[in-house]
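Right, dumping it as structure tokens:
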């Protein structure tokens, strides 16, 4: 593995989950592997969980991590080719990526979508330009289109919890919110669940359908109650409209999931942060069905497995 | 010791001072103890001295420290139970504390008071909710009501400087300022000085009396000149009104201490930052009576002693 | 070497270049030297390259680096003596520098000029007060008047690239920009190039002459075409007027350098960040004449050589 920006193959994903679970057993199993290696964590958008879990993962492997909060440090990057940079952008991605590539052995980048320009967002220009100009392995810490470290932690959480031979029934359920949110988490969740051959049902209000490039192979069910009734795992998440890009079409009915709608053995999941009683009810978050803390904790080992594979590949 | 959020017992305090003085002698005495342990430093308000000294203290014990400047990273936390989170708070303390508790072995938190809602401030909700939901040891880096790491460094500075058998006479003296300041430092100073059985006199203008839960056992003297005349240590500090909470009642007379008011052997103390010639005159700060640099330096070893006790307790 | 704030002597500079090139060969040559030593990196102005390269340099020597983004943490420092601090400055440099000096073994400081008060800027008060009150070695991370770490990396880049016995012809060429920029980089570049006995020509529009204390010994040529025609190295950089301090006098002609103006073997240099097609054309930045990535990379080893000399001096 060189870069980690999306689901690649089922066998790669299964290998990563296995490695992540080994690191969860023993975080310091490979504490010398990353000695004298450095990772640069570049945030064009704020982060707490992702920053902390990736810093910890790097440290567990003996790597040094240095954080750049680009958004707060007023370092506006230019991504267009050939422009005359006479406005507010102080540096071109060509220089920025090459310099950081010269300073670090691995780069990890977070860049949220505009939620205005769909084509530009789906092209994930920031991360692809870092790959192009840094000449170093690049890890996505959430791009416009995907959040693969979250999905790896999510799949790891399902793997740990599900003890039956048959594949589980997994439901991705839209939830209410007050802001327009990106599609990266649900896109990736669908991509990984389908890639790992889970039975996936997606339920959302009309107008909130995700891009088909991510959901092909999933069953779409507009009736939430019906969708979740016999689900083994329900992943709760808000997202804005993809087709009427970034907009919030009016929603009919109450999409706040209730405990009684789920079977006793069902588990609920959320990537956090979660708005209580808006996206997910207290009774579910505080009850025994919740996997949210398990997922958050698994973020460390998901990142550690990814960095392990990248470093191992560099050294071989 | 599990948490460190206030003065507990005289014997605990004396033990911490002794340990801190040992680390001052040899900072790397226990440099392997914290190997593979992590502390999360969570700042809901800005900090330089406290952040640096705690990072250094952790490092001296071999621990990894990761800093979260929550205030600057736009991560508004919800502390109320049962609310529908449909306004500007992005995450509930229940999730935040549990996730950080899962990521770190020890948490340290700074949360200033509102200076508006006295009851809420005195309840120190932020720190108590972190204790409740993180399931990890919690260290106060200054809460609404107290600043115990500062007081430990202060008491250590008195211990180092005072060479007589009898207890010293310690005076806590109000000083002028241009802003409304919290009560955490004077509250804690009174709590620790009284707990260690120093003779404590508090002098302040009418209307600036501190809460009695902190000052019971101290002598109150409204005449500053009289209070400081035979003092061995004078702790200079501004605070706003506690009874007319957060307000700045009019002050009569000049409260800026003069060198000639003190006896030759007297020492002056301040927690820093200090506003020169407003709170404390140049002649005192630059003269031989000042302990302010000693106090600031002792912050490292105070934090190191606290982390040492917490880690030792975790491992036993 | 105790402090590093400007060019000192030719032999010191040559020694630093040699040491820097050795660290470039083997970054971990002295990885135990800085064990248990700490450097505080204090930024009164934003930084990415300088911060990262200095953090990496410190780490390569086994030192711990802690960063203070003073500008963003609202910590306004008072630099005047004897004032009553009743306005917005929360701490005096006397306390701040002494406390940080007590916490760290080495301090490194960035403080940009006002570009309004020339006399104050040229006095480099911030860095000199840190030297005066911290009682620790101080490294400039760019002051009002100079950027010596940049110049050391620049001279190192010329040294690596220039393979002839005679000294190279080096041209410092003014370039267009949209903002008023400081003089630190061109001042230092001239100081180091002349100090190392390179043949130096400076070309700029009328009104943009640098201070003579930096340029004495250089040839001044107002015709850019003529100046660069047979140059071996052209250092491109914008700066505001020095004599009409911080202003932007009107400029005649096109100062954006073209590839065809240079001889085939010429190299172009820039300290970055660079505004493409405003300061420097794509064809030059993306072509084989460019040394900009070499310079950026050399920043690590320049800083490492400086820290190595300072630590070695402390230990001897």
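Chains as they are written, first to last, in my numbering: chain A, 1302 to 1617; chain B, 1302 to 1617; chain C, 1302 to 1617. No residue lacks a Cβ here, since even glycine has one placed at the ideal position from N, Cα and C. In this text, all values refer to a predicted model and were calculated from it rather than measured experimentally.
On the three-state DSSP scale, how would you describe residue 1595 of chain C?
-> Three-state result, residue 1595 of chain C: helix.
How is the beta strand (DSSP E) around residue 1408 of chain A delimited, first residue to last?
-> That run of the beta strand (DSSP E) goes 1407-1411.
Express the C-alpha separation of residue 1405 of chain A and residue 1518 of chain C in angstroms, rounding to a whole number.
-> If you take the alpha carbons of residue 1518 of chain C and residue 1405 of chain A, they lie about 39 angstroms apart.
Cα-Cα, which of C:1436, C:1542, C:1593, C:1503 is closest to residue 1532 of chain C?
-> Ranking the options by Cα distance to residue 1532 of chain C, first place goes to C:1503.
Show which residues of chain C have a CB atom less than 7 angstroms away from the CB atom of residue 1386 of chain A.
-> Simply 1576, 1577, 1578, 1579.
Alpha helix (DSSP H) runs contained entirely in the segment 1336-1406 of chain B, provided each spans 4 or more residues = Complete alpha helix (DSSP H) runs here, min 4: 1350-1361, 1394-1404.
Residue closest to residue 1443 of chain A, alpha-carbon to alpha-carbon, out of A:1398, A:1576, A:1349 = Relative to the Cα of residue 1443 of chain A, the nearest Cα in the group A:1398, A:1576, A:1349 belongs to A:1349.
From C:1526, C:1472, C:1547, C:1600, residue whose alpha carbon lies closest to that of residue 1569 of chain C = Selection C:1526, C:1472, C:1547, C:1600 evaluated against residue 1569 of chain C yields C:1472 as nearest (Cα-Cα).
Would a check of beta-carbon distances place residue 1404 of chain C closer than 9 angstroms to chain B?
-> With its beta carbon less than 9 angstroms from one in chain B, residue 1404 of chain C belongs to the interface.
Work out the CA separation of residue 1553 of chain B and residue 1414 of chain B for me, nearest whole Å.
-> Each residue's Cα considered, the two are about 27 angstroms apart.
Buried or exposed: where does residue 1377 of chain B fall if 16 or more other Cβ atoms within 10 Å of its Cβ makes it buried?
-> Exposed, by the Cβ-count rule.
So is residue 1337 of chain C in contact with chain B if we call contact Cβ pairs under 9 angstroms?
-> Interface criterion met: the Cβ of residue 1337 of chain C is under 9 angstroms from a Cβ in chain B.
Among all the DSSP beta bridges, which residues are the ones paired with residue 1580 of chain A?
-> In the DSSP output, where bridge partners are listed per residue, residue 1580 of chain A has none listed.
Contact belief for residue 1423 of chain C with residue 1321 of chain C at Cβ below 8 angstroms, rounded distance in angstroms = Going by Cβ atoms, the distance from residue 1423 of chain C to residue 1321 of chain C rounds to 28 angstroms, so no, they are not a contact pair.
In chain order, each alpha helix (DSSP H) run of at least 4 residues that lies wholly inside the segment 1451-1517 of chain C = Qualifying alpha helix (DSSP H) stretches, in chain order: 1485-1496, 1513-1516.
Note down, in chain order, each residue of its chain lying with its Cβ closer than 6 angstroms to the Cβ of residue 1528 of chain C, except the 5 sequence neighbours on either side.
-> Here the set comprises 1472, 1502, 1504, 1522.
For my contact list, residue 1306 of chain C and residue 1477 of chain C are in at a C-beta cut-off of 8 angstroms; report their separation, rounded to the angstrom.
-> In this structure residue 1306 of chain C is not in contact with residue 1477 of chain C, their Cβ atoms being roughly 30 angstroms apart against a cut-off of 8 angstroms.
Using a beta-carbon distance below 9 angstroms, is residue 1393 of chain B in contact with chain A?
-> Proximity of residue 1393 of chain B to chain A, defined by a Cβ-Cβ separation below 9 angstroms, is satisfied.
What do you reckon, are the CB atoms on residue 1409 of chain A and residue 1342 of chain A nearer than 9 angstroms?
-> In terms of Cβ geometry, residue 1409 of chain A and residue 1342 of chain A form a close pair [threshold 9 angstroms].
Under a CB-based cut-off of 9 angstroms, is residue 1363 of chain A close to chain C?
-> By this cut-off, residue 1363 of chain A is not an interface position.
Cβ-based burial, residue 1561 of chain B [other Cβ within 10 Å; buried from 16] | With fewer than 16 Cβ atoms within 10 Å of its Cβ, residue 1561 of chain B is classed as exposed.
Is the beta carbon of residue 1535 of chain A less than 9 angstroms from the beta carbon of residue 1567 of chain A?
-> A contact, by the Cβ cut-off of 9 angstroms.
Are any of the Cβ atoms in chain B nearer than 9 angstroms to that of residue 1379 of chain C?
-> Yes, residue 1379 of chain C counts as interfacial toward chain B.
Check each candidate in C:1411, C:1468, C:1330 and name the one with the smallest Cα separation from residue 1370 of chain C.
-> Residue 1370 of chain C has its Cα closest to that of C:1411, out of C:1411, C:1468, C:1330.
Helix, strand or coil: how does DSSP classify residue 1326 of chain A here?
-> Three-state DSSP puts residue 1326 of chain A in a helix.
Distance, Cα to Cα, residue 1246 of chain B vs residue 1499 of chain B?
-> Summary: the structure shown does not reach residue 1246 of chain B, with chain B confined to residues 1302 through 1617, and so no result is reported for it.
Whole-number beta carbon distance between residue 1447 of chain B and residue 1489 of chain B, since they are thought to touch under 8 angstroms = About 4 angstroms; that satisfies the 8 angstroms criterion.
In chain order, what residues of the segment 1311-1332 of chain C put their CB closer than 9 angstroms to some CB of chain A?
-> When C-beta distances to chain A are compared with 9 angstroms, the residues of the segment 1311-1332 of chain C below that value are 1328, 1329, 1332, in chain order.
Answer yes or no: do residue 1607 of chain A and residue 1416 of chain A have a C-beta to C-beta separation smaller than 9 angstroms?
-> Between residue 1607 of chain A and residue 1416 of chain A, the C-beta spacing is not below 9 angstroms.
Mind listing the chain E neighbours of residue 1612 of chain A? Cutoff is C-beta to C-beta under 8 angstroms, in chain order.
-> In the structure shown, chain E does not exist; the protein chains are A, B and C.
Quick one, are the C-beta atoms of residue 1352 of chain B and residue 1392 of chain C less than 9 angstroms apart?
-> At the C-beta level, residue 1352 of chain B and residue 1392 of chain C stay beyond 9 angstroms of one another.
So, are the CB atoms of residue 1324 of chain C and residue 1602 of chain C less than 9 angstroms apart?
-> If you check the CB distance, residue 1324 of chain C and residue 1602 of chain C come in under 9 angstroms.
Integer-rounded CB distance, given that residue 1512 of chain B should sit under 8 angstroms from residue 1546 of chain B = Contact between residue 1546 of chain B and residue 1512 of chain B is absent: CB atoms are separated by about 10 angstroms, not below the 8 angstroms threshold.
Of the residues B:1605, B:1615, B:1612, the one placed nearest residue 1327 of chain B, counting alpha carbons only = The residue among B:1605, B:1615, B:1612 with its C-alpha nearest the C-alpha of residue 1327 of chain B is B:1605.
Which chain A residues are close to residue 1450 of chain C, counting only those with a beta carbon under 8 angstroms from its beta carbon?
-> By Cβ distance, chain A contributes nothing, its closest Cβ being about 15 angstroms from residue 1450 of chain C, past 8 angstroms.
Express the C-alpha separation of residue 1530 of chain C and residue 1333 of chain A in angstroms, rounding to a whole number.
-> When rounded, the distance between both Cα atoms is 53 angstroms.
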